[in-house]
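Visitor: Everything in the sequence shown is counted per the working numbering, starting at 520 for the first residue and increasing by one.
Just so it is clear, CB atoms sit at the ideal spot from N, CA and C, and this is done for glycine as well.
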Amino acid sequence: MAAERTILVTGGAGYIGGHVTMELAEAGYRIVTLDLCAVSGAPADFVAKAVVGNVGDQGLVAELLAREGFDAVIHLAGYIESGESVENPGKYYENNIVGSLRFLAELAKAGAPPVIFSSSAAVYGGGLSSPLSETEIPSPETPYAVSKLMIEQALAGYRVAHGLRSASLRYFNAAGADPSGRAGEDHDPETHLIPIALQAAAGRRDELVVNGTGFPTADGSCVRDYVHVSDLATAHRLALDCLLAGDPGGVFNVGTGQGHSVLEVAAEAGRVTGQTLTLEVGPPRPGDTAELVADPARFKAWCGWEPRYVDLADMVRHAWAWEQAR
Ligand SMILES: NC(=O)c1ccc[n+]([C@@H]2O[C@H](COP(=O)([O-])OP(=O)(O)OC[C@H]3O[C@@H](n4cnc5c(N)ncnc54)[C@H](O)[C@@H]3O)[C@@H](O)[C@H]2O)c1
């Protein structure tokens, strides 16, 4: 029963945070967001209170926890660019690791509400065969991926020491936009493939750079598992139901189990927009791996999640509608 329950969504001003906020608010939860950014990721009426601040600010977090008495926390806040993390690891260690550890310390002091943590498929690294299951030993290849694995491991420690129950959700590639157009993807700079491909189709970029065509995949470009952001939001609602019912949680893949190459996505963007994209082949990005496709069986069995929008065409269409509307 969601009524009367208050959930803290860190990173609520972001892309996934906005969709999670809408999903949980529609399910009857009261949502408080905490984000460095003041512009909400969801329409304002979904958010009971939007706090602007840093999750690593222990004074602010302690005061917020004491005031609101959260039933659970969704911890999405963090820097998200793998490539940037290779160039500037300290920025990622400080924000994603140190900031999150400070945040967890305050949660433990405040009665250890259950946590859903935004982890990433990036923790697996390269060299493993797809589909990837949670039984694989992670081998993160970028500071970004290291930061995700470290917080998963910190949460395991907090579970033992403080009874803090958590679900670390290893998202594969979030894609698409709210089907009714209320939210969508808007990163600055944008580094995600689908919005970049659509911007190239719309003439807002000169071309789509394909980062590497020499990978050991069918067409030589990287293969990723794209999961619709609204399905990702539903994954959080179902995970929350489990944790609020007293489940101990765990580590879970959240993906569809289907892979699409960069060139397939580019072709789909061309089909959906009716435009011809100019493609340019560039070098592989640091830390990029050939193929990351989920085996989501553990997560589906745990909470009953089943993605609704598994067609790449749906994800690209919804993203295109958002891109055109903004
Ligand atoms: N987008 C994906 O495909 C994907 C895949 C795997 C994991 N993730 C993870 O999911 C989470 C959300 O991703 P997103 O795509 O919505 O990114 P996003 O950049 O749109 O949202 C992240 C939000 O976190 C906020 N933030 C960053 N550091 C903060 C801090 N110290 N205190 C408070 N707020 C802070 C930012 O202002 C931003 O609004 C991230 O943790 C990301 O690593 C995303």
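Under the three-state reduction of DSSP, which class applies to T808: helix, strand or coil?
Guide: Three-state result, T808: coil.
Visitor: Specify, as a first and last residue, the run of the alpha helix (DSSP H) that I535 falls within.
Guide: Run containing I535: Y534 to E545, per the alpha helix (DSSP H) assignment.
Visitor: Let me know the secondary structure DSSP gives A675 once reduced to three states.
Guide: Helix at A675.
Visitor: For ligand 1, is there a heavy atom less than 7 Å away from the beta-carbon of C556?
Guide: Because some heavy atom of ligand 1 lies under 7 Å away, the Cβ of C556 counts as near it: yes.
Visitor: Ligand 1 heavy atoms versus the CB of A752: any closer than 7 Å?
Guide: Incorrect: A752 has no Cβ contact closer than 7 Å to ligand 1.
Visitor: State yes or no: is the C-beta of T529 nearer than 7 Å to some heavy atom of ligand 1?
Guide: True, at least one ligand heavy atom lies under 7 Å from that Cβ.
Visitor: Please tell me whether, using a cut-off of 7 Å, the distance from the CB of H706 to the nearest non-hydrogen atom of ligand 1 is below it.
Guide: Yes, ligand 1 has a heavy atom inside 7 Å of this Cβ.
Visitor: What does I550 pair with, by DSSP beta-bridge criteria?
Guide: For I550, which the question treats as bridged, DSSP gives the partners I526.
Visitor: Mind checking whether L811 and A640 have CB atoms under 8 Å apart?
Guide: In contact: L811 and A640 (Cβ atoms closer than 8 Å).
Visitor: Quick check: what's the CA-CA separation for T792 versus C556?
Guide: Between T792 and C556, the C-alpha separation is close to 31 Å.
Visitor: Check A752 in the structure and name its three-state DSSP category.
Guide: Here A752 sits in helix by DSSP.
Visitor: What would DSSP say about R689, mapped onto helix, strand or coil?
Guide: If DSSP states are grouped into helix, strand and coil, R689 belongs with the strands.
Visitor: With H, G and I counted as helix, E and B as strand and the rest as coil, what does DSSP make of R743?
Guide: In this structure, R743 counts as strand in the three-state DSSP scheme.
Visitor: Provide the residue(s) that pair with I635 in DSSP beta bridges, ordered along the chain.
Guide: Partner(s): I593 and A686.
Visitor: With a threshold of 7 Å (Cβ to nearest heavy atom), would I670 be considered close to ligand 3?
Guide: Ligand 3 is not among the ligands present in this structure, which contains only ligand 1.
Visitor: Figure out for me which residue from Q794, L543 and G682 has the closest Cα to the Cα of R723.
Guide: Among Q794, L543 and G682, the Cα nearest to that of R723 belongs to Q794.
Visitor: Check whether the Cβ of I535 lies closer than 7 Å to any heavy atom of ligand 1, and answer yes or no.
Guide: Checking every heavy atom of ligand 1 against the Cβ of I535, one is found closer than 7 Å.
Visitor: Measure the alpha-carbon distance for A596 versus I535 and round it to whole angstroms.
Guide: Using only the alpha carbons, I get a separation of about 10 Å.
Visitor: T552: buried (16+ other C-beta within 10 angstroms of its C-beta) or exposed?
Guide: T552 is buried by the Cβ-count criterion.
Visitor: Nearest-angstrom Cα distance between V592 and H538?
Guide: Computed Cα separation, rounded: 15 Å.
Visitor: Provide the residue span of the beta strand (DSSP E) that contains L796, from first to last.
Guide: Where L796 is concerned, there is no enclosing beta strand (DSSP E), given that its DSSP letter is neither H nor E.
Visitor: Look up K568 in the DSSP assignment and give the residues it is bridged to.
Guide: According to DSSP, K568 bridges with V551.
Visitor: How is the beta strand (DSSP E) around L727 delimited, first residue to last?
Guide: Looking at the DSSP string, the run of the beta strand (DSSP E) that includes L727 is L727 to N730.
Visitor: Exposed or buried, which one is R836 when buried takes at least 16 other CB atoms within 10 Å?
Guide: Classification for R836: buried.
Visitor: Around the C-beta of I635, are 16 or more other C-beta atoms found within 10 angstroms, so that it is buried, or is it exposed?
Guide: Buried, since its Cβ has 16 or more Cβ neighbours within 10 Å.
Visitor: Using C-beta distances below 6 Å, list every residue in its chain close to H594, excluding the 5 sequence neighbours before and after it, in chain order.
Guide: T529, V634 and F636, listed in sequence order.
Visitor: Are N692 and D744 closer than 8 Å when you measure CB to CB?
Guide: Against a cut-off of 8 Å, the Cβ pair of D744 and N692 comes out as a contact.
Visitor: What is the C-beta distance between Q577 and E625, in whole angstroms, given that I count them as a contact (C-beta under 8 Å)?
Guide: Right, the Cβ-Cβ distance comes to about 6 Å (below 8 Å), so this counts as a contact.
Visitor: Of the choices R549, L763, F771 and T661, whose alpha-carbon is the least far from that of E655?
Guide: Closest option to E655, Cα to Cα, is F771.
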